[in-house]
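Taking it in order: structure first as structure tokens, then the write-up.
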Amino acid sequence: MSLPLLDGLVHLAVASGCGGTTLGLQCVRRELESGGRAIWVSPESPNPDRFRQLLHSIPLSSLSKLHLFPCGDAISTGVDAAGRLSNTLDTSLIVIDDWTSRSGHVDPMAASAISELVKSMPENPPNLLVISALYEDASGEETWKVRGRGKLEECGCRTWLLTVEEGGHQRRQLDTGQEKLSLILGDGGFKARSHSSSSTKP
């Protein structure tokens, strides 16, 4: 069983240490393997060792179709640049990793830039994966809270949750809102183990 295909706009909310960047890089690898072009926006470039682990099998000719935009705290600037490049080149995937701070208020400039990016997409738009950190619900009403969920759902993003599965260690659960998949995290990324057919919104 493989990981679910990205189809449209997805907001991946990730519990600390669960591997959100890894899943994003796996999505990039799949696009490059199929001949697509991908854009990656994040405060910093992905960890070089992890980057090599996950993309070592990609030929240089295909790897040249991955465009990295490390932009520090100015995520909105990186998103704007990604939008301009995407409208110039035939792009199949845009990943925006760690799009807002892990504490405090959601970055309003980043949220606005993502909204404008979605509005400016062409008739056959690229898939969009936006990654952020989950945080625990202090009220106790829910297990997790998704930072910026409302703002991104207004843009049309579906919310996926990536958390530690019972049993811990390298076991993870990906909840797409339609199904829950049990995953194992290894050097080559995630592999799916099993799934259930339905899910409830957290």
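In the numbering used here, the protein residues as written are 17 to 218. All C-beta atoms in this analysis are idealised placements derived from N, C-alpha and C, irrespective of residue type, glycine included.
The stretch 173-214 is shown to contain whole beta strand (DSSP E) runs of 3 or more residues at 174-180, 187-191, 196-202, 205-212, in chain order. DSSP, read as helix, strand or coil, puts Pro86 in strand. Burial is judged here by how many other beta carbons sit within 10 angstroms of a residue's own beta carbon; Arg118 has fewer than 16 and is exposed. Along the length of the stretch 108-137, whole alpha helix (DSSP H) runs at least 4 residues long occupy 124-135, reported in chain order. Rounded to the nearest whole angstrom, the CA to CA distance from Thr159 to Leu177 is 12 Å. Less than 8 Å divides the Cβ of Val134 from the Cβ of Leu25.
Less than 8 Å divides the Cβ of Thr37 from the Cβ of Pro62. About 4 Å separates the Cβ atoms of Ala31 and Thr179, confirming a contact at the 8 Å cut-off.
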